[in-house]
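> I'd like to ask some things about the structure below.
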Amino acid sequence: MQITITDDGIKVTDALKQYILDKFKRLERITHKTTTIHITLSLENLDQVAKALVHTHGTEFYASAENESLYPAIDTLIDRIEQQINKHKQKIKEKRHDRSEKYGPEESKEL
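Sequential numbering from 1 applies to the sequence shown in UniProt numbering.
If you want it as structure tokens, here you go:
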């Protein structure tokens, strides 16, 4: 998994980088094929903004969060990305289940 952190008007400290890496490692438990994660940290008005673009399984997930402090914004951001991934996984699971019911074994008819 490759994580890229871009800062726009915010100084990213080593502690902040480590915090982001630790939080986004949670995604490895959910999806094993996450290839790249692009994180952008910026300052808009008085709010700290965190945005993430996650590439996995040929699908992209995008979320953003803002807060007065960057750490809660990152927490909200990772929660939103996890929700999107779980929702996508559930859709795929339901699709497979529907397909198996449609083309499943037919009941034998007795004469």
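Heads up, the beta-carbon is just placed ideally off N, CA and C, and yes, glycines get one too.
This structure is a prediction, so every number in the text was calculated from the model and none was measured.
Using the C-alpha atoms, what's the distance from lysine 91 back to tyrosine 71?
Computed Cα separation, rounded: 31 Å.
> With a CB to CB cut of under 8 Å and the five nearest residues on each side skipped, what residues in its chain are close to glutamate 66?
These residues qualify, in order along the chain: Glu44, Asp47, Gln48, Val49, Ala50 and Ala73.
> How many whole angstroms separate the CB atoms of threonine 31 and histidine 57, which I take to be in contact at a CB cut-off of 8 Å?
Going by Cβ atoms, the distance from threonine 31 to histidine 57 rounds to 7 Å, so yes, they are a contact pair.
> State the CB to CB distance for the pair glutamate 82 and arginine 26, rounded to an integer number of angstroms; the pair is presumed to be in contact (CB under 8 Å).
With a Cβ gap of about 7 Å, glutamate 82 and arginine 26 count as contacting.
> Nearest chain C C-beta to aspartate 22 closer than 9 Å, yes or no?
Absent from the structure is chain C; it holds one protein chain and no more.
> Provide the residue(s) that pair with lysine 51 in DSSP beta bridges, ordered along the chain.
Answer by DSSP bridge pairing, in chain order: Thr40 and Ser64.
> Straight-line CA distance for leucine 7 to tyrosine 62?
Here the sequence assigns aspartate to residue 7, which means leucine is not the residue at that position. Taking the straight line joining both Cα atoms gives about 17 Å.
> For phenylalanine 24, which residues in the same chain have their Cβ closer than 7 Å to its Cβ, ignoring the five residues on either side in sequence?
Ile3, Ile37 and Ile78, listed in sequence order.
> Taking the straight line between their C-alpha atoms, what separation do you get for valine 87 and arginine 80?
Note on residue identity: the sequence assigns lysine, not valine, to residue 87. Each residue's Cα considered, the two are about 11 Å apart.
> Which stretch, first to last residue, makes up the beta strand (DSSP E) that contains isoleucine 20?
Per DSSP, isoleucine 20 belongs to no beta strand (DSSP E); it is in the alpha helix (DSSP H), 14-24.
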